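>
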Amino acid sequence: MPTRVIDLGDTGGATTTTTTPRLIETGGQEGVYVALSYCWGEGRGTHQRKLEPETHAELKKNGIPEREMTLAHREALHIARALGFRYVWIDALCIVQGTGKAARDDWARESARIPDTYGNAALTVVAGRSGDSRRSFLEPAFAPAIRPARVTLRLPDGTVSHCLLGSKRSRAAGPTDRRAWCFQEFILSRRRLVFGEEQLSFHCGQRVDFEDGTYVSHADKEEWDTFATNASSRDVLSRWYDMIREYSRREFSDPTDNFAALAGVALRFQKVLEAKKMSTRYLAGLWEADMIPALLWRRLKTSDATPPPRRQPRRGEEVAIAPSWSWLALGGPICQYAYSSYRAAPTPRCFPRHGDRWAPGDWDPSLVKHEELPLPFRLEVRAHVRKVRRSALPPRHYRDFGYWAVDALLEAAESPALAELDESNRHRVIALGLFDLAGGGSRSSTCWAMPLTEGEGLLLGRRADGCYERLGVFRLATDEVVRPAAFDFSNVALEDITLV
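When we follow this note's numbering, the leftmost residue of the sequence shown carries the number 58, and every step to the right adds one.
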């Protein structure tokens, strides 16, 4: 069992009891327990009762009066009792909370154990429909506009039966599907009882059963151990890219938790790579086993030209949450494909400087404290770099190029700037660019292009110290819009480049 659990006592399946739940230190004790996955909610005082350094001894000795608990916690205990479970794990009650060193150290230790905490739970209760732990997730949040109709059926054997026929219900879990921490809690759990937006569902490795009577067979991906044995190396990497695309859409209360909330999945995935005899080096959200495609992530192409802005940080000192070349630096949804042009034409144009090591340093995927992340974290490569200029001309008809979103035309920096685009000069547009941030992340109109493959690469900004930061990606096209011959690197020597 985890380091600590809530002991409900022997209730015999009763949902109510006079026994006060008590925090216990398991000391390696084996047992069967339920874990809770839920949204805390916004604002101070979310939890009336939580484990803190000053309450630790009291909760162990005297227990936790349920009337003082947050509603979501009380309801989780109710479900555990009804299903005959004695032990429950809830983060706010089983991990020391606070900003002091003791609390932060305990949080770091227990966060690193999340794969086992949820992976070993007999059941994870997912409070999907509630975005705030102070609100009930047991109370049905959905009322159909039309009540289900009772229908009489005549069965093949001649007997008469009845069923209820109603409108289709959503299978969405709810707010937990938008919370970053809930991502790995869901993935790592073996069985899940999900209180969704419109219905209840039960998930296991074989199928998902929904309250409306529908089900999906083999809806879950293969279990981790089976997946490591049966999947090809390409399928393994494709699975990772599927997961990070989903994770990048999730929300944080604290953006510096971006690595911590993925650590459990990264550690489990590292074992899969080891089983496949692939490189297990983890570099700030990327796997060294597949670095060229991994570096070619791009911000999500959306149909909404003016998506709602993300919450703006307060004014203050700028805080780096990841290296610029990592997708975790974006803090927003990305596209990531396992099969890029690198797969179709495996001719890399960028190479690690030190043998097969792309970074001189190491990045431990179990690191969860932001202050312990090895930032700045450097990639050291040998590559061609060419200076380019963002055209003042709008992309117009080239805003969408295949699966790409395009927000800039790129010109050779040594050529005069284009005043207009027509048949006579369109060859001077040498590539299509997509910047990670609106405006290119730089006041300057110039940047540097570093190809990773024969058709794709990174757009970079050069810092005062000579290192480069990622600004976006570029694509060479093969149609009449952009001619690859105009983007010639044959006269550009390979040089040592440091990306931060």
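Just so it is clear, CB atoms sit at the ideal spot from N, CA and C, and this is done for glycine as well.
Predicted, not measured: the structure shown is a model, and the values here were computed from it.
Taking only three categories from DSSP, how would you classify Asp419?
Looking at Asp419 - three-state DSSP - the assignment turns out to be coil, as it is neither helix nor strand.
> Is the region 111 to 119 touching the region 197 to 208 in the sense that three or more CB pairs, one from each, lie closer than 8 Å?
no
> Could you please give the first and the last residue of the uninterrupted alpha helix (DSSP H) stretch that includes Glu513?
Where Glu513 is concerned, there is no enclosing alpha helix (DSSP H), although the beta strand (DSSP E) it sits in stretches over 513 to 519.
> One question on the structure: do Ala178 and Ser246 come within less than 8 Å of each other, judged by their Cβ atoms?
yes
> Have a look at the DSSP bridge pairing and note the partners of Met300.
Paired residues: none, contrary to the question.
> I'd like to know whether the C-beta atoms of Met507 and His441 end up nearer to each other than 8 Å.
yes
> Over the uninterrupted beta strand (DSSP E) stretch that includes Glu82, give me the two end residues.
79 to 82
> Count the C-beta pairs between the region 162 to 176 and the region 287 to 304 that are closer than 8 Å, then say yes if the count reaches three, no if not.
no
> Buried or exposed for Lys333, please, with buried defined as at least 16 other CB atoms from any protein chain shown within 10 angstroms of its CB.
buried
> Is the shortest distance between the beta-carbon of Lys158 and the beta-carbons of chain D less than 8 Å?
Here there is only one protein chain, and chain D is not present.
> Should Arg236 and Gly253 be called a contact, given that it needs their Cβ atoms to be closer than 8 Å?
no
> Taking the Cβ atom as the reference point for each residue, do Arg453 and Glu468 lie within a distance shorter than 8 Å?
no
> Could you tell me which residues DSSP pairs with Val438 in its beta bridges?
Pro409, Ile554
> Hey, how far is the Cα of Asp314 from the Cα of Ala462?
Distance between the alpha carbons of Asp314 and Ala462 is about 28 Å.
> For Lys107, count neighbouring C-beta atoms within 10 Å of its own C-beta (all shown protein chains included) and say buried if the count is 16 or more, exposed if not.
buried
> Would you be able to state if there are at least three C-beta pairs under 8 Å between the region 257 to 265 and the region 322 to 342?
No: fewer than three Cβ pairs fall under 8 Å.
> Consult DSSP for Ser168 and reduce its assignment to one of helix, strand or coil.
Assigned with DSSP and collapsed to three states, Ser168 falls in helix.
> With distances taken from CA atoms, which of Val322, Cys239, Gly523 is nearest Ile147?
Checking every option, the nearest Cα to that of Ile147 belongs to Cys239.
> Per DSSP, Cys504 is paired with what?
The partner list for Cys504 (beta bridge, DSSP) reads Val445.
> In the DSSP assignment, find the unbroken beta strand (DSSP E) run with Asp64 in it and report its ends.
61 to 64
> Please name the residue in Leu556, Thr103, Ala521 whose C-alpha comes closest to that of Leu150.
Per the C-alpha coordinates, the member of Leu556, Thr103, Ala521 positioned closest to Leu150 is Thr103.
> If you draw a straight line from the C-alpha of Arg307 to the C-alpha of Leu491, how long is it?
22 Å
> Contact defined as beta carbons within less than 8 Å: I believe Asp493 pairs with Leu387. What is the distance between those atoms, to the nearest angstrom?
6 Å
> Could you compute how far the alpha carbon of Val557 sits from the alpha carbon of Asp522?
11 Å
> Could you give the distance in angstroms between the alpha-carbon of Ala402 and the alpha-carbon of Trp344?
Because the pLDDT of Ala402 is 44, which lies under 50, any placement of that residue in the model is unreliable, and the question is left without a value.
> Would you tell me roughly how many angstroms separate the C-alpha atoms of Met126 and Ser305, rounded to the nearest one?
32 Å
> Cα-Cα, which of Val183, Ser218, Glu513, Arg61 is closest to Asp163?
Arg61
> Please state whether DSSP places Ala114 in a helix, a strand or coil.
helix
> Can you name, in chain order, every residue of its own chain whose Cβ lies under 7 Å from the Cβ of Pro431, other than the five neighbours on each side?
Gly418, Trp420
> Report the residue from Asn482, Lys444, Ser481 whose alpha carbon sits nearest the alpha carbon of Ala470.
Answer by Cα proximity: Lys444.
> Take Glu82 as the anchor and find which of Gly98, Leu128, Val145, Ser94 has the nearest alpha-carbon.
Val145
> Apply the 10 Å Cβ neighbour rule to Pro365 and answer buried if 16 or more other Cβ atoms are within range, or exposed otherwise.
With a pLDDT of 47 at Pro365, under the threshold of 50, the modelled position of that residue is not reliable, and no figure is offered here.
> With distances taken from CA atoms, which of Gly84, Gly98, Leu353, Glu255 is nearest Leu509?
Leu353
> Based on Cα-Cα distance, which residue from Arg446, Ala92, Arg211, Leu195 lies nearest to Tyr175?
If we check each option's Cα against that of Tyr175, Ala92 comes out closest.
> Would you mind listing the beta strand (DSSP E) stretches within the region 185 to 241 that are 3+ residues and don't spill past its ends, in chain order?
206 to 211, 217 to 222
> Use the C-beta contact count for Ala465: other C-beta atoms within 10 angstroms, 16 or more gives buried, fewer gives exposed.
The Cβ neighbour count for Ala465, taken over all protein chains shown within 10 Å, is at least 16; the residue is labelled buried.
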